[in-house]
Amino acid sequence: MTAIIEVENLTKSYGSKRGIADVSFQVEEGEVFGFLGPNGAGKTTTIRLLMALLRADSGAARITGLDCWKQSLEIKRIVGYLPGEPALDPNLTGGQILEYFANLRGGVDRTYLKQLIQRFDLDTSRKFRQYSTGNKRKVVLIQAFMHRPRLLILDEPTSGLDPLNQQEFDHMVKEARDEGRTVFLSSHVLSEVEKTCTKVGIIRNGSLVRIGDVAEVKAIKRYEITITFANPVPAETFKALDGVADVEMLDHGHAVRLAMQGSADAVIKAAANYPVVSLTSYEPSLEDIFLRYYEADPAPAKEAQGVA
Amino acid sequence: MLRSIYLKTLRDYRVAILGWGIGMGLVVISPMASVAALVTTPQAREQLVGLAASFAWNADPIAVDTIGGYATFKIGFFVFLIAIWPLLAGSRMLRGEEERGSMDVLLSLPRPRLNVAIEKLAAMWTALLVMGVLIGLLAFAGGAKFGGNFGLGGGLLYGLNLALICAVFGSLALLISQFTQERGPAAGATAGLLLFFIVLDMVHRVVPNTEWISRLSPIYYYNLSKPLIPTYGTNGGAMIVQLALAALLGGAAIWLFVRRDVGGTVPFPRWLRLPERQASRALPVGDWSLGSVYARSMGMIAMPTFWWTLVIAAFAAFLVYAVQLLETKMSALLSGSPAFTTLIKNLGGGDASVNAGLLSAMFFFLPVLLMAFAVTQVNGWSGDEQDGRLELVLAAPQSRIAVLLGRFAALATATIAIAVVTLLACFASAAASGVSLDAGNLAAAILGMIPLGLLVAAIGYLASGWLATAADTGLLSFLLAAWFFISFIGPELKLPDATLRLSAFYYYGTPLLHGLQPASVLGVLAVAAVALVLGTMRFARKDIGV
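And the structure:
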């Protein structure tokens, strides 16, 4: 596979305020890349730099080998973009907006456009100002997809969509992926990223702290095991074991909750020395991993840099 | 200052109170500075009185050879400028909060809707009162400095009279905003009505026996008080009429606000409503304005252009119609006066016909209106960028240069359209009223406004590369006011020619009498082109929406 997006040491600040600093990553053609981060982390800044709405202070961003700033016109022909906070002429109807952008782009298949409108069940006769937040999002989603772009850049695409339309969006992303097209989406809805993306980048305070396959990110998981014993067990039994990050005794020593990282082999063997009533293991969600990267203490970030 | 809605709103107005109050106060003082130089000899005094009589359509020429009288006379038309802030404040007071969505939060507080609206209106009136006091104090200071014969009471009453007429138009804007979905159309409609009422007030000064028509205008009651002229004084009844009108309009606005949906509008009676157009769900929608950035820009500018055309063309046609009546009135007033002949020569700068001489002076206001239109459109461009409405357009395969130039081209087209329709209206008015004018020069005078409109627009586009919308609009408004004063008062202040050349109006000249000066027109167009090129270069390189 070849990289469709290449970002190298990209830096952008707003006067004295931080934007992003030295962000580097690549997105391969055909991938669905999830760009994760809390509010103000730098997701939208990165996306707006890719779309040449902002000019980088330093570093480089390329799409299909073309410079995002210098060759933005060529790039925009192959990109479908959905901004985080769509603002459009409030006096135009949804239909007029879609027709206007179809005209500006040129070459939009009207039959496909009508299909998209039907899929999202959008009433195109209403003025943009009369739409609910979700319907506004539908309009801009349709305009991003309507020309079957080779690359979709979507900033928080499902924000405000109801579950049914989120599902429709998931299908559209899957279709795009199946057709070999690339999707770059930012989100803080981790279940969505887990579900739709093949690769994930996590940005925090303007710096990329982790990048990898969704499965790979999950592999560094810190999961939990809760073991209930017939008799009280001393905490020291588990504290020094490989893979144990934290030990919490429950029910006067009858149960133990272990925060785990890595293999559970040592824990299982140690637990086998006592009469076990039950054992439960919790899979971490991406949510858990995500939250871990945004804990107040800086330790996870350092760790993440090491892993990445 | 955050303890109540009243105080919070007043806090929001603090910069405007100081800026507008002091700025307008200085506007009032500026003509006072030139009186001494104008009345050095009895002949000069007679000439000044004659000159003022030629502008009687604009304001009553009473005691114009005194400091207070001259300032009152000179500020006449400027009530238009002074009333801009209240009409903007009134239109956004409730509607602006609704557009931003902050009204929902405000009304979620355990506080009656009525109180919210009353506190906000009271804050605006308080702000106007403070502005009035500032203007009054500055007028008094100006009078004291340049030898005026009015006291502190006169100055403060002058400020109060201004505050009252501003309260009328602020309240009118608030009322109109109950019927509009956005604040812009409410502000535009109020500005149109303001100009209409100014013209309505002018009617009785031009057309005999028409005072009853002018009484329909709030401006008429404002002009009944002239507190800076002790011999004329203040008309308490007229002030009460203005106060009652402001209360009535504000009260009606609040009455409607508490009864309507937040974010909705008050429906017009069925017989006043336009037939509802059912938008089609089918694509393509077949709208002419969706084909390109230029076409879309034309679609956006079409309605404001229509209203501005109506106002400017009607005003110009009125001036053409009024000139003959004014000439008759002046001839009766000044028959046999040697100053009259000199006056016309001064106005026209030569031996042109009386019609053209008078009209040339009156037409001085038309480019200002066209330039004000350009300011509003620059405001729209800058606001679109600031509010993120350009983001998706720029994400389409359209170069930034094409987007900016498409928008500018639409503005240029609208400017030309306004001028052409105004010219046709003037021809029609001249034909109907039998005023004889040189057709070529009339065309030069009207079409000569176009470069000035383009100049303002280009400078605004350039400045929007760095400035936020409010600052850009403020800068252009200041520039417009400064140019106007340099050209309007500068010659009386005997400002050096180099200073007079700083004003764009200098290059407009007196086309009604002397035709267009090609070098001047090309010079203005060249400066506009340079500003547009620089503005385009800046826009092509700047961060969008930051």
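These protein sequence lines are chains W and X, in that order. Taking the numbering used here, I'd label the letters of the first sequence as residues 13 to 320. Taking the numbering used here, I'd label the letters of the second sequence as residues 42 to 587. Heads up, the beta-carbon is just placed ideally off N, CA and C, and yes, glycines get one too.
Going by beta carbon distance, what residues of the same chain come within less than 6 Å of W:G96, once the five residues before and after it are set aside? Taking C-beta separations shorter than 6 Å and ignoring five residues to either side along the sequence, the partners of W:G96 in its chain run T56, D167 and E168, following chain order.
Any beta carbon from chain W within less than 8 Å of X:R337's own beta carbon? Interface residue, yes.
When you compare only the Cα positions, how much space is there between X:T540 and X:I527? The straight-line gap from Cα to Cα measures roughly 8 Å.
Report the partner residues of W:Y93 according to the DSSP bridge assignment. Residue pairing by DSSP places W:Y93 opposite W:I165 in a beta bridge.
Below 8 Å, can you find three or more Cβ-Cβ pairs linking the stretch 503-510 of chain X to the stretch 98-106 of chain X? With the cut-off at 8 Å, the stretch 503-510 of chain X and the stretch 98-106 of chain X do not touch.
Contact under 8 Å by Cβ, X:L360 with X:L400: X:L400 sits close to X:L360, with the two beta carbons spaced by under 8 Å.
How would you call W:N243, buried or exposed, if buried means at least 16 neighbouring beta carbons within 10 angstroms? It is exposed - the Cβ of W:N243 has fewer than 16 other Cβ atoms within 10 Å.
Per-residue burial, W:H264 [other beta carbons within 10 Å of its own, 16 or more giving buried]: Looking at its Cβ environment, which holds fewer than 16 other Cβ atoms inside 10 Å, W:H264 is exposed.
Within the same chain, show all residues whose beta-carbon is closer than 7 Å to that of X:A227, passing over the 5 residues directly before and after it, in chain order. Setting aside the 5 residues that flank it on each side, X:A227 is surrounded in the same chain by S132, R136, A214, I217, S218 and T221, each with a C-beta closer than 7 Å to its C-beta; the list follows chain order.
W:D219 (DSSP reduced to helix, strand or coil): The question names Asp, but residue 219 of chain W in the sequence shown is Ser. In this structure, DSSP gives W:S219 an extended state, which the three-state scheme calls strand.
Just to make sure I have the definition right: I need the residues of chain W whose C-beta is within less than 8 Å of the C-beta of X:I585. Which are they? Within 8 Å Cβ-Cβ: R60, L65 and L66.
Name the residues in the stretch 130-159 of chain X whose C-beta lies less than 8 Å from a C-beta of chain W; which are they? So nothing in the stretch comes that close.
Pick from W:I214, W:L78 and W:G92: whose alpha carbon is nearest that of W:R160? Per the C-alpha coordinates, the member of W:I214, W:L78 and W:G92 positioned closest to W:R160 is W:G92.
If you drop the 5 nearest sequence neighbours on each side, which residues of the same chain put their C-beta closer than 6 Å to that of W:V195? Taken in chain order, the residues that qualify are V44, L164, V185 and A188.
Report yes or no: is there a C-beta of chain W within less than 8 Å of the C-beta of X:R44? Closer than 8 Å: no.
Residues, ordered as in the chain, of the stretch 200-225 of chain X that lie near chain W by beta-carbon distance below 8 Å: Within the stretch 200-225 of chain X, the residues whose Cβ lies closer than 8 Å to some Cβ of chain W are Q222 and E223, listed in chain order.
Contact set between W:Q127 and chain X, taken where Cβ atoms lie within less than 9 Å: Think of a sphere of 9 Å around the beta carbon of W:Q127: no beta carbon from chain X falls inside it, the nearest being about 11 Å out.
Kindly indicate if chain X contains any beta-carbon less than 8 Å away from that of W:G77. No, because no Cβ of chain X sits closer than 8 Å to the Cβ of W:G77.
How about W:R162: is its C-beta nearer than 8 Å to some C-beta of chain A? No chain A appears in this structure, whose protein chains are W and X.
Simplified DSSP state of X:F237, which is helix, strand or coil: If DSSP states are grouped into helix, strand and coil, X:F237 belongs with the helices.
Answer yes or no: do W:A15 and W:T23 have a C-beta to C-beta separation smaller than 8 Å? For the pair W:A15 and W:T23, the CB atoms are not nearer than the 8 Å cut-off.
In this structure, how does DSSP classify W:L291 when only helix, strand and coil are distinguished? W:L291 sits in a strand when the DSSP states are folded into three classes.
Consult DSSP for X:V476 and reduce its assignment to one of helix, strand or coil. Three-state result, X:V476: coil.
Hey, is W:P95's beta-carbon within less than 8 Å of any beta-carbon in chain X? So yes, W:P95 belongs to the interface.
Taking 8 Å as the CB-CB limit, is W:Q83 close to chain X? No, W:Q83 lies away from the interface with chain X (no Cβ there is under 8 Å from its Cβ).
Okay, do the stretch 566-574 of chain X and the stretch 486-501 of chain X touch, 3+ Cβ pairs below 8 Å being the bar? With the cut-off at 8 Å, the stretch 566-574 of chain X and the stretch 486-501 of chain X touch.
Coarse secondary structure for W:D174, derived from DSSP in three states: Assigned with DSSP and collapsed to three states, W:D174 falls in coil, not helix or strand.
How would you call X:A473, buried or exposed, if buried means at least 16 neighbouring beta carbons within 10 angstroms? In this structure X:A473 is exposed. Its beta-carbon is surrounded by fewer than 16 other beta-carbon atoms within 10 angstroms.
Do X:V244 and X:L148 count as a contact pair if the criterion is CB distance below 8 Å? Contact check for X:L148 against X:V244 fails: the beta carbons are separated by 8 Å or more.
Taking all protein chains shown into account, decide if X:D242 is buried (16 or more other Cβ within 10 angstroms of its Cβ) or exposed. Buried, by the Cβ-count rule.
Residues that W:D225 bridges to, as DSSP identifies them: According to DSSP, which records beta bridges pairwise, W:D225 is partnered with W:K211.
Residues near X:L170 in its chain [Cβ-Cβ closer than 7 Å; skip 5 each side]: Exclusion of the five residues before and after X:L170 leaves A204 as the residues of its chain whose Cβ lies within less than 7 Å of its Cβ.
Can you name, in chain order, every residue of its own chain whose Cβ lies under 7 Å from the Cβ of X:A486, other than the five neighbours on each side? So the qualifying residues of the chain are F404, P552 and L553.
Are the C-beta atoms of W:A72 and some chain X residue less than 8 Å apart? By this cut-off, W:A72 is not an interface position.
When DSSP builds the beta bridges, which residues end up paired with W:R269? Paired residues: W:T238 and W:E260.
Output, in chain order, the set of chain W residues within a Cβ distance shorter than 7 Å of X:P438. Per Cβ cutoff of 7 Å: L85, K88, R89 and R117.
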